[in-house]
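Going by our numbering, the sequence shown opens with residue 33, and the numbers climb by one from there. Structure, as structure tokens:
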Amino acid sequence: MTEPSPISGTGTAATTRTPLIEVRDLATHFPVRGSLFGRGSSAAVRAVDGVSFDVYPGEVFGLVGESGSGKTTLGRSLLKLVEPTGGSVRYKGRDLVPLSERDMRPLRRELAFVFQDPNASLNPAMTIGQGVGHPLRIHGLVSSRSEARTAVAEMLERVGLHPGESFLDKYPEDVSGGQKQRLVIARALITRPTFVVADEPVAALDMSVRAKVLELMLELKRELDLTYVFITHDLATARFLCDRIGILYLGRFAEWGDTERLFDDPQHPYTRALLDAIPLPDPDRRGRDKSLPRGEIPDALQPPLGCRFHPRCPVAFADCGWEGRDLVDALEERWTDVDEDTFERELGMVGNLGDAVVGDDVVRFPSAAPSELAAWLRAEGERLPTSVFSAVEDVETGSDGVTVRFRPGPEPDEQQVAGRRVACHLHGVTVRPDGTHVGDPAAAASAEAPGSQR
Ligand SMILES: Nc1ncnc2c1ncn2[C@@H]1O[C@H](COP(=O)(O)OP(=O)(O)OP(=O)(O)O)[C@@H](O)[C@H]1O
Ligand code: SF4
Ligand SMILES: [Mg+2]
33 MTEPSPISGT
43 GTAATTRTPL
53 IEVRDLATHF
63 PVRGSLFGRG
73 SSAAVRAVDG
83 VSFDVYPGEV
93 FGLVGESGSG
103 KTTLGRSLLK
113 LVEPTGGSVR
123 YKGRDLVPLS
133 ERDMRPLRRE
143 LAFVFQDPNA
153 SLNPAMTIGQ
163 GVGHPLRIHG
173 LVSSRSEART
183 AVAEMLERVG
193 LHPGESFLDK
203 YPEDVSGGQK
213 QRLVIARALI
223 TRPTFVVADE
233 PVAALDMSVR
243 AKVLELMLEL
253 KRELDLTYVF
263 ITHDLATARF
273 LCDRIGILYL
283 GRFAEWGDTE
293 RLFDDPQHPY
303 TRALLDAIPL
313 PDPDRRGRDK
323 SLPRGEIPDA
333 LQPPLGCRFH
343 PRCPVAFADC
353 GWEGRDLVDA
363 LEERWTDVDE
373 DTFERELGMV
383 GNLGDAVVGD
393 DVVRFPSAAP
403 SELAAWLRAE
413 GERLPTSVFS
423 AVEDVETGSD
433 GVTVRFRPGP
443 EPDEQQVAGR
453 RVACHLHGVT
463 VRPDGTHVGD
473 PAAAASAEAP
483 GSQR
């Protein structure tokens, strides 16, 4: 088996050490069958769609992104709590992806998952002593009930529940939300794992309790030699806790690397948008746009072509992957802003957007006056609310409609930029299958010239 190549240059001293976890091209697709795709056909939700990174012993690697970006699926895939559909996850050099659940079992005590929802890991019918101690019994790590109780009481003390013994015969419903989350952490750590994936472990807690639980997690990391992947949609939490961060967008990293570099000097337009959306008391940032880019995160069933951020990207240009549905969306957005007369006139020309026939690199508008429509599109295309028209290769007039064709835009490769990895055509060069490229090779070379990294 070939060794995975190191992914380096990400800004920490960790790069000289051996990674604990090496993730390469990891993909987790969920097959979906249904009438939407016609009889016998199937599609897949591409929840995780080609992710590579390393996690070094003792570090906290954050996974950050909007709802639906694939954080939980990626976190669960690392521990094979869901089955990846491609790529590899090496733990201490051994690829977990091909292992059967039976082969995984001895490793399970070293790999822990902290759930967001305490009810997902604490059985309300079990006492705290039984529930938190359950993994000890599953893994045969204790030989008697009293040994288990002693171990649980000690772990409860470690997570700040004093005296530990006093909690053993209570039930999860007898304690507060903050205490419950401490129990969840205690349960995850009771087998003394090495690697912990924590999925939004404080999101459900009051602000006043959050910081205490986060500090506890850092304390436990030091005391118990833990390595974390920490999932959060909250950038402030990520900044506080994580050594490095990966910004996920529709199952791929937009940008990842050292936390402080990423916050000080974000390179990907999506990272910039996320940071701009944080309400910070910093006077320099006041007055800047606090909202995320237009629209919502698209459906992972049909990610946008090319750069999957292009429909929302404020600086997208012709090579970013514009496609048929983007032109329909741009017309719809335009029509929400124009006056009634303009809308009626343009609707009369373009027809109902629902009648447009959308393909990947093409869209056809049925029309009774195709020449008029084609002329209007050529004249107004550049004034649409996105730069979709910059990618139009051809506007073809037929007898009963107009067909608009787009030039394909490749998906951006990850590039090394100023000490982190960035997937955006504004950085580096992506080579198309036909050998032509997007981006300026000279600019790409200077991006990593000596001195460009801090
Ligand atoms: N078991 C599943 N079957 C089908 N689709 C799924 C499944 N689990 C997740 N998905 C889809 O995969 C995508 C990523 O979901 P995931 O829960 O990993 O995102 P997330 O970043 O954790 O979101 P959130 O912040 O809301 O927790 C979403 O489109 C989701 O609907
Ligand atoms: S490649 Fe870069 S510029 Fe183009 S859409 Fe994506 S993030 Fe925006
Ligand atoms: Mg989630």
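Virtual Cβ for every residue (Gly too), placed ideally from N, Cα, C. Remember, it's a predicted structure, so these values are computed and weren't measured experimentally.
For R344, is the classification buried or exposed, using 16 other Cβ atoms within 10 angstroms of its Cβ as the cut-off for buried? One-based indexing of the sequence shown puts residue 344 at position 312. Counting Cβ neighbours within 10 Å, R344 comes out buried, since at least 16 surround it.
So for F349, helix, strand or coil by DSSP?
Along the sequence shown, read from residue 1 onward, the residue named residue 349 stands at position 317. Note: F349 maps to coil in three-state DSSP.
Practice task
Going by CA-CA distance only, name the one from T429, E54, R271 that's closest to V121.
Solution key: Counting from 1 along the sequence shown, the entry for residue 121 is found at position 89. Closest option to V121, Cα to Cα, is E54.
Under 6 Å from any heavy atom of ligand 1, by CB: list those residues in chain order, please. F62, V77, A79, G97, S99, G100, S101, G102, K103, T104, T105, H265, A332
Open item on the list: At a cut-off of 8 Å, would you count A488 as near ligand 2, judging by its Cβ distance to the nearest heavy atom?
Closed with: Since the first and last residues shown for the chain are 33 and 486, residue 488 lies out of range.
Check: Can at least three beta-carbon pairs, one atom from the stretch 126 to 135 and one from the stretch 150 to 157, be found at a separation below 8 Å?
Finding: no
- Message: Just verifying my parser: in three-state terms, what is the DSSP assignment at A144?
- Response: Residue 144 sits at position 112 when you count from the first residue of the sequence shown. Residue state, collapsed to three classes: strand.
_Separation of S419 from F349, as counted between CA atoms_ = If you number the sequence shown from 1, residue 349 lands on position 317. If you number the sequence shown from 1, residue 419 lands on position 387. Whole-angstrom Cα-Cα distance: 6 Å.
*Closest residue to R452 among G433, P330, H61, E292 (Cα-Cα distance)*: Residue mapping note: residue 452 aligns to position 420 of the sequence shown, counting from 1. Nearest of G433, P330, H61, E292 to R452, Cα basis: E292.
Checklist entry - Among all the DSSP beta bridges, which residues are the ones paired with L95? => result As a working note, residue 95 is residue 63 in the sequence shown. Its beta-bridge partners are I263, G278.
Nearer than 8 Å: is that true of the beta carbon of I329 relative to any heavy atom of ligand 3? Along the sequence shown, read from residue 1 onward, the residue named residue 329 stands at position 297. Checking the Cβ of I329 against ligand 3 gives no.
Requested in this report: Determine the DSSP secondary structure at E232, reduced to helix, strand or coil.
Outcome: Locating residue 232 in the sequence shown gives position 200, counting from the first residue. Coil at E232, not helix or strand.
Euclidean distance between Cα positions of L306 and A157
Taking the first residue of the sequence shown as 1, we reach residue 306 at position 274. Taking the first residue of the sequence shown as 1, we reach residue 157 at position 125. Going from the Cα of L306 to the Cα of A157 covers about 41 Å.
* Asked: What number of angstroms, rounded off, separates the C-alpha of L131 from the C-alpha of A406?
  -> Along the sequence shown, read from residue 1 onward, the residue named residue 131 stands at position 99. Along the sequence shown, read from residue 1 onward, the residue named residue 406 stands at position 374. Approximately 57 Å between the Cα atoms of the pair.
Quick one: what's got a C-beta closer than 6 Å to L258's C-beta in the same chain, skipping five residues either side? As a working note, residue 258 is residue 226 in the sequence shown. So the list reads V228, once near-sequence residues are dropped.
| message | Can you list, in chain order, the residues of its chain with a C-beta nearer than 7 Å to that of G161? Leave out the 5 residues immediately preceding and following it. | response | Mapped onto the sequence shown, residue 161 falls at position 129. Result list for G161: R181, V184, L200, D201, in chain order.
_Report the CB separation of M381 from E404 in whole angstroms; it is logged as a contact under 8 Å._
As a first step, residue 381 is located in the sequence shown; it is residue number 349 there, counting from the start. As a first step, residue 404 is located in the sequence shown; it is residue number 372 there, counting from the start. Confirmed, Cβ separation roughly 6 Å.
| message | Assuming contact is defined by CB atoms lying nearer than 9 Å, are V245 and R214 in contact in what I supplied? | response | Within the sequence shown, the letter at position 213 stands for residue 245. Within the sequence shown, the letter at position 182 stands for residue 214. Yes.
Discussion item. Quick check: what's the CA-CA separation for V436 versus L58?
Written reply: Position 404 of the sequence shown, counted from the start, is the residue given in the question as residue 436. Position 26 of the sequence shown, counted from the start, is the residue given in the question as residue 58. Answer to the nearest angstrom: the Cα atoms are 35 Å apart.
Assuming contact is defined by CB atoms lying nearer than 9 Å, are L252 and R190 in contact in what I supplied?
Walking along the sequence shown from the start, residue 252 turns up at place 220. Walking along the sequence shown from the start, residue 190 turns up at place 158. Yes. Within cutoff.
Check your understanding: D351: beta carbon under 8 Å from a heavy atom of ligand 2?
Key -> Here residue 351 refers to the residue found at position 319 when the sequence shown is read from its first residue. Yes, ligand 2 has a heavy atom inside 8 Å of this Cβ.
* To do: Compute every distance between the C-beta of E232 and the non-hydrogen atoms of ligand 3, then say whether any falls below 8 Å.
  => Position 200 of the sequence shown, counted from the first residue, corresponds to residue 232. Yes - ligand 3 has a heavy atom lying nearer than 8 Å to the Cβ of E232.
Is DSSP giving F341 helix, strand or coil here? In the sequence shown, residue 341 corresponds to position 309, counting from 1. F341 falls in the coil class under three-state DSSP.
ask   = Just curious, the beta strand (DSSP E) that V394 is in, first and last residue?
value = Indexing the sequence shown from 1 puts residue 394 at position 362. Note, V394: beta strand (DSSP E), 394 to 398.
- Can you have a look at A220 and say buried or exposed, based on whether 16 or more other CB atoms are within 10 angstroms of its CB? Numbered from 1 along the sequence shown, position 188 holds the residue referred to as residue 220. So A220 counts as buried.
- Message: Does the beta-carbon of I217, which I'm using as the reference point, lie nearer than 8 Å to any heavy atom of ligand 3?
- Response: For the purposes of this step, residue 217 is taken as the residue at position 185 of the sequence shown. False, no ligand heavy atom lies under 8 Å from that Cβ.
Handout entry: Backbone CA spacing between D432 and R396 [nearest angstrom]
Key = Along the sequence shown, read from residue 1 onward, the residue named residue 432 stands at position 400. Along the sequence shown, read from residue 1 onward, the residue named residue 396 stands at position 364. Whole-angstrom Cα-Cα distance: 10 Å.
_Tell me whether I263, by its Cβ, gets closer than 8 Å to a heavy atom of ligand 3._
Indexing the sequence shown from 1 puts residue 263 at position 231. Yes, since a heavy atom of ligand 3 falls inside the 8 Å radius drawn around the Cβ of I263.
Can you list, in chain order, the residues of its chain whose CB lies under 6 Å from that of R340, leaving out five sequence neighbours each side?
By 1-based counting over the sequence shown, the position of residue 340 is 308. Excluding residues within five positions, the ones whose Cβ falls inside 6 Å are L282.
Subject >> 8 Å contact criterion, which T303 and E287 should meet: CB distance rounded >> reply: The residue you call residue 303 lines up with position 271 of the sequence shown. The residue you call residue 287 lines up with position 255 of the sequence shown. The Cβ separation is near 5 Å, so the contact holds.
Q.
Quick check on DSSP: helix, strand or coil for V207?
A. Start at 1 with the first residue of the sequence shown, and residue 207 comes out as number 175. It is coil, neither helix nor strand.
Excluding the 5 residues preceding and the 5 following R320 in the sequence, name in chain order all residues of the same chain whose CB lies nearer than 7 Å to its CB. Your numbering for residue 320 matches position 288 in the sequence shown. Here R320 scores only 47 on pLDDT, less than 50, and its place in the model is too uncertain to base an answer on.
If contacts are defined as beta-carbon pairs under 8 Å, then G107 and V261 qualify, I think. What distance do you get, rounded to the angstrom?
Residue mapping note: residue 107 aligns to position 75 of the sequence shown, counting from 1. Residue mapping note: residue 261 aligns to position 229 of the sequence shown, counting from 1. Right, the Cβ-Cβ distance comes to about 6 Å (below 8 Å), so this counts as a contact.
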